[in-house]
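Residue numbers (the working numbering): 1 to 35.
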């Protein structure tokens with residue numbers, strides 16, 4: 001993988017982690033939504 005592919009993959013994993021955190025802790029959802 002080149003650097004662009006690594007960045008895209010990291011961003012993809014980051015989004016999955018963000019959705020998982022907001023789903024697993026709905027009370028934080030509004031706060032996380034802004035960042």
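Virtual Cβ for every residue (Gly too), placed ideally from N, Cα, C.
All of these numbers come straight from a predicted model, not from anything done at the bench.
Residue span of the alpha helix (DSSP H) that contains residue i, given as start and end
| i | result |
| --- | --- |
| residue 3 | 3-24 |
Alpha carbon of residue i to alpha carbon of residue j, nearest angstrom
| i | j | result |
| --- | --- | --- |
| residue 13 | residue 2 | 17 Å |
| residue 5 | residue 25 | 30 Å |
| residue 11 | residue 17 | 10 Å |
| residue 19 | residue 9 | 16 Å |
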